[in-house]
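**Student:** The structure that follows is given in the form of structure tokens.
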Amino acid sequence: MSLGKDSIYILLSNIYSKGMAYLFYFITAFLLGTEAFGILKGLMPIVDTLTIFFSSGIPPAIAKFLAEEKEANINKYIPILYLMILFSIFGFILTPYVKYILGGHYLNLDNSLYLAIGFCVVASTLIAFSRGILQGLLKIKYLSLTWIVEYTVKVILVFILTLYFGIFGSLLSISLSYLIAGIFGVYLIYKALKGKFDFKKLIDIKDITKNIFSNFNLDILKYSVPIALTSSSYRLFGDIDNIVIMSIMGGFWSGIYGYSSLISRGIFMFASAVSIPLLPRISKTKDLSLLKEGIIQNTIFSSIFVLGCLFFPEIPLIAFFKIANPEGILCLRILAISSLFMSYYTLISSALQGLGYAKISFYIILFGLVLNIVLNLILVNAYGIVGGSLATLITSITVFLIGVFAILRIKKHK
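In structure tokens:
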């Protein structure tokens, strides 16, 4: 399959997934109310970060090793699934203690919510493994289908489960969507290999026990560590403001801020549509003029959205959430500008990765994460949720400028 077709499949599934992710949040905001939604918004970055760290960091390494094989032998990768399950169980055990690190209002949340987060981590292993195998087999169409199934199931289940079980139900819908998509992913592997995949190997305990800590598996694990750290840093960077606000100010203000944050993130729909195909194109051509083209496209697509948030912020807040708090309105204005700068950095990051400078992209975002944490702790204490949006804006501009400097340096030495 051509790179162009692969990019189209990934692009369409990414746009669909992001759209369904927004729908997930809109449904929970509608059903839970401001305070409970704020608690969920404060917990979701924890769900994603722990899932990435204990499970989803390994699949890209699986894909890399599998893609390099002349003859794909899927059976030897099965012990890695059980290694992932082992790590995820360890993550499940640690999850209830995360609240002591986060402190503040997180300490007052019911332990059942942390157990639900832990279950998300364990449930994610099968779908993560399936995606690693499908990516390594270069079955990008099938890989895209796993995201479509996951998010479709999640949106269907979240409405029912949140209605009956509140925040716990929202988290449970994530776990169940992982499990269902994971089973579907295994079926797609079987289909991709035209029936050559031996299901009995999945339950061959003797072989799994013998090979779970093999040198091959440990090599994959070593390769996955920087990937997991990078992905976790990116995820935390995007929501550290909500975590700090939830910890310091509680669920209600986290909810008010979450409404504004959710709307402002709409800009990334446009940025991802440009950045996903940008990476393989720059990887292939090493042509930095493509970045300039991507920035122009992103500006055109995003300008109307950003201007709407700046001049009429109360309209989307009332339309979607039936509430337009003065602080929330100001936060939306600030976060819209912040998201614009971060959307530009998304394109710069894709360019850096395409040029072979992925480590620079990681170091920039890691610096941004530390800066964002420090600024949020200072400014949220001083100015409440408006301080959180200001911290995010300052960090976004800083990260963008460092990214521009890095690109200019690379261009100068080419």
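Residues 310 to 723 (this note's numbering) are what the sequence shown spells out, left to right. Cβ coordinates follow ideal geometry from the N, Cα and C atoms, glycine included. Remember, it's a predicted structure, so these values are computed and weren't measured experimentally.
Out of Gly603, Met558, Ala580, point me to the one whose CA is closest to Val689's CA.
**Tutor:** For the purposes of this step, residue 689 is taken as residue 380 along the sequence shown, with counting starting at 1. Selected option, being the one with the closest Cα: Met558.
**Student:** Do the CB positions of Thr707 and Asp550 come within less than 8 Å of each other?
**Tutor:** Residue numbering aside, residue 707 sits at position 398 when the sequence shown is read from its first letter. Residue numbering aside, residue 550 sits at position 241 when the sequence shown is read from its first letter. Going by C-beta atoms, Thr707 is not nearer than 8 Å to Asp550.
**Student:** Can you check which of these residues, Gly712, Cys640, Asp596, Leu639, is closest to Ile674 by C-alpha distance?
**Tutor:** Start at 1 with the first residue of the sequence shown, and residue 674 comes out as number 365. It is Gly712.
**Student:** Applying the 10 Å Cβ sphere with the 16-neighbour rule, what's the burial state of Thr704?
**Tutor:** Translated into the one-based positions of the sequence shown, residue 704 becomes position 395. Looking at its Cβ environment, which holds 16 or more other Cβ atoms inside 10 Å, Thr704 is buried.
**Student:** Between which two residues does the alpha helix (DSSP H) containing Tyr487 stretch?
**Tutor:** Here residue 487 refers to the residue found at position 178 when the sequence shown is read from its first residue. Unbroken alpha helix (DSSP H) run through Tyr487: 449–501.
**Student:** Can you give me the Cβ contacts of Phe709 inside the same chain, cut-off strictly under 6 Å, excluding the 5 residues immediately before and after it?
**Tutor:** Here residue 709 is taken as the residue at index 400 of the sequence shown, counted from 1. The residues are Phe650, Tyr653, Tyr654.
**Student:** Quick check: the Cα distance between Gly351 and Glu378, rounded to an integer number of angstroms?
**Tutor:** Translated into positions along the sequence shown, residue 351 becomes position 42. Translated into positions along the sequence shown, residue 378 becomes position 69. Taking the straight line joining both Cα atoms gives about 42 Å.
**Student:** Can you check which of these residues, Tyr672, Ile410, Gly575, Thr434, is closest to Ile387 by C-alpha distance?
**Tutor:** The residue labelled residue 387 in the question sits at position 78 within the sequence shown. Closest by alpha carbon: Thr434.
**Student:** Which residue marks the beginning of the alpha helix (DSSP H) containing Asp528, and which one marks its end?
**Tutor:** The residue given as residue 528 occupies position 219 in the sequence shown. Residues 524–558.
**Student:** Tell me where the alpha helix (DSSP H) around Ala256 begins and ends.
**Tutor:** Since the displayed the chain opens at 310 and closes at 723, residue 256 lies outside it and no answer follows.
**Student:** Quick check: the region 338–347 against the region 469–483, are at least 3 beta-carbon pairs closer than 8 Å?
**Tutor:** Output reads yes: the region 338–347 touches the region 469–483.
**Student:** Could you spell out where the alpha helix (DSSP H) holding Thr343 opens and where it closes?
**Tutor:** Against the sequence shown, residue 343 aligns to sequence position 34. First-last of the alpha helix (DSSP H) with Thr343: 343–360.
**Student:** Does the Cβ-Cβ distance between Leu616 and Leu626 come in under 8 Å?
**Tutor:** The sequence position of residue 616 within the sequence shown is 307, counting from 1. The sequence position of residue 626 within the sequence shown is 317, counting from 1. No, the pair does not count as a contact, with Cβ atoms beyond the cut-off.
**Student:** If I follow the unbroken alpha helix (DSSP H) through Gly436, where does it start and stop?
**Tutor:** On the sequence shown, residue 436 is found 127 positions in, with the first residue counted as 1. Sequence inspection shows Ile at residue 436; the Gly mentioned does not correspond to that position. Looking at the DSSP string, the run of the alpha helix (DSSP H) that includes Ile436 is 420–445.
**Student:** Below 7 Å CB to CB, which residues in the same chain sit around Phe333 once its five sequence neighbours on both sides are set aside?
**Tutor:** For the purposes of this step, residue 333 is identified with residue 24 of the sequence shown, where counting begins at 1. Lys463, Val464, Val467.
**Student:** Touching or not, the region 420–429 and the region 442–459, by the rule of three or more beta carbon pairs under 8 Å?
**Tutor:** They do not touch, by the three-pair rule.
**Student:** Just the Cα atoms here: how many angstroms apart are Ile572 and Asn524?
**Tutor:** Taking the sequence shown and counting its residues from 1, the one referred to as residue 572 is at position 263. Taking the sequence shown and counting its residues from 1, the one referred to as residue 524 is at position 215. Each residue's Cα considered, the two are about 47 Å apart.
**Student:** Let me know the secondary structure DSSP gives Ile703 once reduced to three states.
**Tutor:** Working through the sequence shown from its first residue, we reach residue 703 at position 394. In the structure shown, Ile703 sits in a helix (DSSP, three-state: H, G or I).
**Student:** Quick check on Arg574: does DSSP put it in helix, strand or coil?
**Tutor:** As a working note, residue 574 is residue 265 in the sequence shown. The answer is coil: DSSP assigns Arg574 none of H, G, I, E or B.
**Student:** Below 8 Å, can you find three or more Cβ-Cβ pairs linking the region 403–413 to the region 364–374?
**Tutor:** Because the criterion of three Cβ pairs below 8 Å is not met, the region 403–413 and the region 364–374 do not touch.
**Student:** DSSP three-state call for His414: helix, strand or coil?
**Tutor:** Looking up residue 414 in the sequence shown gives position 105. In the structure shown, His414 sits in a helix (DSSP, three-state: H, G or I).
**Student:** Assuming the contact rule is C-beta atoms closer than 8 Å, Ile442 and Leu395 should be a hit. Round their C-beta distance to whole Å, please.
**Tutor:** For the purposes of this step, residue 442 is taken as residue 133 along the sequence shown, with counting starting at 1. For the purposes of this step, residue 395 is taken as residue 86 along the sequence shown, with counting starting at 1. Incorrect: roughly 18 Å between the Cβ atoms, too far for contact.
**Student:** Please look up how many angstroms separate the CB atoms of Tyr391 and Ile521, rounded, as I've assumed it's under 8 Å.
**Tutor:** As a first step, residue 391 is located in the sequence shown; it is residue number 82 there, counting from the start. As a first step, residue 521 is located in the sequence shown; it is residue number 212 there, counting from the start. With 8 Å as the limit, Tyr391 and Ile521 qualify as a contact, their Cβ atoms being about 6 Å apart.
**Student:** Give the range of the alpha helix (DSSP H) segment to which Tyr672 is assigned.
**Tutor:** For the purposes of this step, residue 672 is taken as residue 363 along the sequence shown, with counting starting at 1. Taken as a continuous stretch (DSSP letters only), the alpha helix (DSSP H) holding Tyr672 covers 667–692.
**Student:** In three-state DSSP terms, what is Ala330?
**Tutor:** Counted from its first residue, the sequence shown places residue 330 at position 21. Note: Ala330 maps to helix in three-state DSSP.
**Student:** So Glu636 and Val695 are in contact, right, with Cβ under 8 Å, and what is the actual spacing, rounded?
**Tutor:** Looking up residue 636 in the sequence shown gives position 327. Looking up residue 695 in the sequence shown gives position 386. The Cβ separation is near 6 Å, so the contact holds.
**Student:** Alpha carbon to alpha carbon, how far is Leu488 from Gly494?
**Tutor:** Here residue 488 refers to the residue found at position 179 of the sequence shown. Here residue 494 refers to the residue found at position 185 of the sequence shown. Taking the straight line joining both Cα atoms gives about 10 Å.
**Student:** So the candidates are Ser569, Ile389, Ile336; which of them puts its Cα closest to the Cα of Ala372?
**Tutor:** Here residue 372 refers to the residue found at position 63 of the sequence shown. If we check each option's Cα against that of Ala372, Ile389 comes out closest.
**Student:** Using the Cα positions of Ser439 and Leu416, report the straight-line distance between them to the nearest angstrom.
**Tutor:** Within the sequence shown, numbered from 1, the residue matching residue 439 stands at position 130. Within the sequence shown, numbered from 1, the residue matching residue 416 stands at position 107. Approximately 35 Å, taken between the alpha carbons.
**Student:** Could you give the C-beta distance for Val583 and Leu656, rounded to a whole number, given that I count them as a contact under 8 Å?
**Tutor:** Translated into positions along the sequence shown, residue 583 becomes position 274. Translated into positions along the sequence shown, residue 656 becomes position 347. Correct: roughly 6 Å between the Cβ atoms.
**Student:** When you compare only the Cα positions, how much space is there between Gly347 and Gly697?
**Tutor:** As a first step, residue 347 must be located in the sequence shown, where it is residue number 38. As a first step, residue 697 must be located in the sequence shown, where it is residue number 388. For Gly347 and Gly697, the distance between alpha carbons rounds to 14 Å.
**Student:** Buried or exposed, going by whether 16 or more other CB atoms sit within 10 Å of the CB of His722?
**Tutor:** For the purposes of this step, residue 722 is identified with residue 413 of the sequence shown, where counting begins at 1. That one is exposed.
**Student:** What are the boundary residues of the alpha helix (DSSP H) that Pro287 is part of?
**Tutor:** Nothing can be reported for residue 287, as the shown portion of the chain is limited to 310 through 723.
**Student:** Compute the Euclidean distance between the alpha carbons of Leu530 and Tyr331, then round it to the nearest angstrom.
**Tutor:** Here residue 530 corresponds to residue number 221 of the sequence shown, with the count starting at 1. Here residue 331 corresponds to residue number 22 of the sequence shown, with the count starting at 1. C-alpha separation (whole angstroms): 33 Å.
**Student:** Enumerate in chain order the residues of its own chain whose CB-to-CB distance from Gln606 is below 7 Å, with the five nearest sequence positions on each side excluded.
**Tutor:** What you label residue 606 is simply residue 297 of the sequence shown in a count that begins at 1. Closer than 7 Å at the Cβ level, and outside the excluded window around Gln606, lie Val583.
**Student:** Among Tyr666, Ile436, Ile638, which residue has its Cα nearest to the Cα of Val458?
**Tutor:** To locate residue 458, count along the sequence shown from 1; it is residue 149. For the residues Tyr666, Ile436, Ile638, the minimum Cα distance to Val458 belongs to Ile436.
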